[in-house]
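Working notes for the structure below.
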Amino acid sequence: MRNHKIFVALLLVVATVRYVSATWNLQNIHGANGGRSFPGGGHIPRPRNFYGRQNMLHHVNQVYGANNVPQQQQQQGNTAGGLREGFYSTTCPNVEEIVRDTVRKHYNNDPTLAAGILRLFFHDCFVRGCDASLLLDRTPSGELPEKLASANGFTLHGEVVIDATKSAVEAACPGIVSCADILSFATRDVAVLAGLQNFPMVAGRRDGTVSLASDVSVLPDPVSSVSTMAELFNKKGFSLAELVVLSGAHSVGGAHCFAFINRLYNTTDPSLDANMANELKNACPMKPPGSDNTKDAKVDFDPASPMMLDTSYYTQVLKGRGLLTSDHALMVDSRSRAIVSKLAADPENWKSQFSQALVKLSKLDVLVGTQGQIRQQCREVNI
């Protein structure tokens, strides 16, 4: 009887090893998330219902809830420089649910938060990396923080939601979850509320302790050409195609008059759609130099669907109705125009690429391990 039990145990071990090996091989064929085609195989499509190990786990989470998935499986995920999916599965297992519920409550009262939080995320990650440095009101050095730079200031929107979310998370898991991760989760959640399919967001970022307004000069400005933007994005590891994909964030939100007034007065930009030029002049009358910009009207980037993340923005750009000089530049430059045309014609492809680009952006120059800190409040460095 004893020998029989040992034999059965050995069979179970062999079966387990074979299963793990098969899973590993599927990852190498299809990638951890399944993928749309076989690597190195051109455009040979994957089987229609093949999920890949990580996407199958994500699908189970969606259908049955993450709490019903074995803890060991929750901890597995894509890793990137210390980041991974399910990072808080043992230390703060409900964090993503807490973030999602808090963000949804605020979004239901103010749908413009989708644009606001997306912009917070981009302006944070693109400057010093995704370290929540943009959220700091002050730093120990006493220098002017990022949020007070001219590219930010009164135009920022959504900080109060991040504060409320941090408070809710701290009540459940004190000192565990970084503000940088909360901002990344919140960005994913507003993107989903505004029209994207749900997608996993990696975590494990830590919060920075430095925030300098002088660093914000690396952000593209409203009058940037495609070449200028492409150079800035390339320095951050993003291609021209990814630049154009991320520009689709302008399918929600808008800009204050001062950001595009250069196209309206003295000489009206001849490339601007004539009807749109008249509409903008009505919304933004000429004002004396030095006037208070904080009182400027705000105009939607995409009047057709200003609260939805969709490809209507690209359609507007192709019609010569891009609001900012940098929006219009995407049509003027032949390299970016070809990409804009493809994205405009395939909404679902853009949504997929946009979510992937957000996750890639969330991994930019992050602090991990023992670097930085876990702030108690997102607006202040721990003393």
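Residue numbering for the sequence shown is -22 to -1, 1 to 361, as defined by mature numbering (1 follows the signal peptide of the UniProt record, and there is no 0).
Glycine included, every Cβ here is placed at the ideal spot set by N, Cα and C.
Predicted, not measured: the structure shown is a model, and the values here were computed from it.
Quick one: Cα of Asn240 to Cα of Ala181, how far? One-based indexing of the sequence shown puts residue 240 at position 262. One-based indexing of the sequence shown puts residue 181 at position 203. Each residue's alpha carbon lies about 41 Å from the other.
In this structure, does DSSP put His234 in helix, strand or coil? As a working mapping, residue 234 is identified with position 256 in the sequence shown. Three-state result, His234: strand.
Counting only the same chain and skipping the five closest in sequence on each side, list residues whose C-beta sits under 8 Å from that of Asp199. Start at 1 with the first residue of the sequence shown, and residue 199 comes out as number 221. The answer, listed in chain order, is Ala129 and Ser304.
Within 10 Å of its beta-carbon, does Val204 have 16 or more other beta-carbons around it, so buried, or fewer, so exposed? Indexing the sequence shown from 1 puts residue 204 at position 226. So Val204 ends up on the buried side.
Tell me the DSSP bridge mates of Glu358? In the sequence shown, residue 358 corresponds to position 380, counting from 1. Partner(s): Gln355.
With burial defined as no fewer than 16 other Cβ atoms inside 10 Å of the residue's Cβ, what is the status of Val138: buried or exposed? To locate residue 138, count along the sequence shown from 1; it is residue 160. Classification of Val138: exposed, given that the 10 Å Cβ count is below 16.
How many whole angstroms separate the CB atoms of Gly60 and Ser111, which I take to be in contact at a CB cut-off of 8 Å? Here residue 60 refers to the residue found at position 82 of the sequence shown. Here residue 111 refers to the residue found at position 133 of the sequence shown. In fact, because the Cβ distance is near 18 Å, the residues do not count as touching under 8 Å.
Buried or exposed for Phe332, please, with buried defined as at least 16 other CB atoms from any protein chain shown within 10 angstroms of its CB. Position 354 of the sequence shown, counted from the first residue, corresponds to residue 332. Classification of Phe332: buried, given that the 10 Å Cβ count is 16 or more.
Which residue or residues does DSSP assign as beta-bridge partners of Ala322? In the sequence shown, the residue the question calls residue 322 occupies position 344. Paired residue(s): none; Ala322 is not in a bridge.
Which one of Thr68, Tyr66, Thr90 and Cys103 has the shortest CA to CA distance from Lys341? As a position in the sequence shown, residue 341 is number 363, starting the count at 1. Of the listed residues, the one whose Cα sits closest to Lys341 is Cys103.
What would DSSP say about Gly18, mapped onto helix, strand or coil? To locate residue 18, count along the sequence shown from 1; it is residue 40. Confidence in Gly18 is poor, its pLDDT being 32 and thus under 50, which makes the residue's placement unreliable; the coordinate value appears in the next sentence. Three-state DSSP puts Gly18 in coil, outside helix and strand.
Is the Cβ-Cβ distance between Arg106 and Asp167 less than 9 Å? Residue 106 sits at position 128 when you count from the first residue of the sequence shown. Residue 167 sits at position 189 when you count from the first residue of the sequence shown. The answer is no: Cβ separation not under 9 Å.
Taking its Cβ as the centre, do 16 or more other Cβ atoms sit within 10 Å of Arg353, making it buried, or is it exposed? On the sequence shown, position 375 is the one that residue 353 refers to. Result: buried.
Distance, Ala219 Cα to Phe132 Cα: By one-based count along the sequence shown, residue 132 stands at place 154. By one-based count along the sequence shown, residue 219 stands at place 241. The alpha-carbon atoms of Phe132 and Ala219 are separated by roughly 30 Å.
What residue range does the beta strand (DSSP E) around Asp278 cover? Taking the first residue of the sequence shown as 1, we reach residue 278 at position 300. Per DSSP, Asp278 belongs to the beta strand (DSSP E) from Lys276 to Asp278.
I need the straight-line Cα distance from Thr245 to Ala158, nearest angstrom please. If you number the sequence shown from 1, residue 245 lands on position 267. If you number the sequence shown from 1, residue 158 lands on position 180. Cα-Cα distance, rounded: 43 Å.
Three-pair Cβ contact test at 8 Å for the region 221 to 232 versus the region 318 to 325: yes
When burial is assigned at 16 or more other CB atoms within 10 Å of the CB, is Tyr243 buried or exposed? Sequence index remark: in the sequence shown, residue 243 carries index 265 (1-based). Exposed.
What number of angstroms, rounded off, separates the C-alpha of Ile317 from the C-alpha of Gln355? If you number the sequence shown from 1, residue 317 lands on position 339. If you number the sequence shown from 1, residue 355 lands on position 377. If I take the Cα positions, the gap works out to 41 Å.
Using only the alpha-carbon positions, how far apart do Tyr66 and Thr293 sit? Walking along the sequence shown from the start, residue 66 turns up at place 88. Walking along the sequence shown from the start, residue 293 turns up at place 315. Rounded to the nearest angstrom, the two C-alpha atoms are 40 Å apart.
Taking C-alpha atoms, which residue in Asp288, Leu308, Asp311 and Val310 lies nearest to residue 368? Residue 368 falls outside the range modelled here, since the chain spans only -22 to 361, and no answer is possible.
Give me the Cα-Cα distance between Thr80 and Ser217, rounded to the nearest whole angstrom. By 1-based counting over the sequence shown, the position of residue 80 is 102. By 1-based counting over the sequence shown, the position of residue 217 is 239. Cα to Cα, Thr80 sits roughly 34 Å from Ser217.
Rounded C-beta distance between Leu174 and Ile140? I'm assuming under 8 Å. Taking the first residue of the sequence shown as position 1, residue 174 is located at position 196. Taking the first residue of the sequence shown as position 1, residue 140 is located at position 162. Between Ile140 and Leu174 the Cβ distance is about 20 Å, and since that is not below 8 Å, they are no contact.
Between Asp85 and Ala169, what straight-line distance do the alpha-carbon atoms span, to the nearest angstrom? For the purposes of this step, residue 85 is taken as residue 107 along the sequence shown, with counting starting at 1. For the purposes of this step, residue 169 is taken as residue 191 along the sequence shown, with counting starting at 1. According to the sequence provided, residue 85 is Tyr. The question's Asp does not apply to it. Their backbone Cα atoms lie some 11 Å apart in a straight line.
So Ala172 is in the alpha helix (DSSP H); what residue range does that whole segment cover? Here residue 172 corresponds to residue number 194 of the sequence shown, with the count starting at 1. Looking at the DSSP string, Ala172 is not in any alpha helix (DSSP H), and its letter there is neither H nor E.
Checking 9 Å against the spacing of the C-beta atoms, do Val77 and Phe163 come in under that value? Within the sequence shown, residue 77 is the residue found at index 99, counting from 1. Within the sequence shown, residue 163 is the residue found at index 185, counting from 1. In this structure, Phe163 lies closer than 9 Å to Val77 by Cβ.
Tell me which residue opens and which closes the alpha helix (DSSP H) that Asp79 is part of. Mapped onto the sequence shown, residue 79 falls at position 101. Val73 to Asn87 is the span of the alpha helix (DSSP H), which, as asked, contains Asp79.
Any contact of the region 229 to 240 with the region 300 to 315, i.e. 3+ C-beta pairs under 8 Å? yes
In this structure, what does DSSP give as the bridge partners for Leu336? As a working note, residue 336 is residue 358 in the sequence shown. None, per the DSSP bridge assignment.
Residue environment, Val196, which counts as buried when at least 16 other CB atoms sit within 10 Å: Within the sequence shown, residue 196 is the residue found at index 218, counting from 1. Classification of Val196: exposed, given that the 10 Å Cβ count is below 16.
Confirm, please, whether the CB-CB distance from His228 to Tyr291 is below 9 Å. Counting from one through the sequence shown, the residue named residue 291 turns up at place 313. Counting from one through the sequence shown, the residue named residue 228 turns up at place 250. Against a cut-off of 9 Å, the Cβ pair of His228 and Tyr291 comes out as a contact.
Ala149, buried or exposed, once every other Cβ within 10 Å from all chains shown has been counted against 16: The count along the sequence shown starts at 1 and reaches residue 149 at position 171. Classification for Ala149: exposed.
Three-state secondary structure (DSSP) of Ala181: Here residue 181 corresponds to residue number 203 of the sequence shown, with the count starting at 1. Strand.
Give me whichever residues DSSP pairs with Leu302 in a beta bridge. Counted from its first residue, the sequence shown places residue 302 at position 324. None; Leu302 has no bridge partner.
Neighbourhood of Gly136 by C-beta distance below 6 Å, restricted to the same chain and skipping five residues each side: Taking the sequence shown and counting its residues from 1, one reaches residue 136 at position 158. Correct list, in chain order: Leu91, Gly94, Ile95 and Leu98.
Using only the alpha-carbon positions, how far apart do Pro89 and Asp280 sit? Locating residue 89 in the sequence shown gives position 111, where the first residue counts as 1. Locating residue 280 in the sequence shown gives position 302, where the first residue counts as 1. Going from the Cα of Pro89 to the Cα of Asp280 covers about 15 Å.
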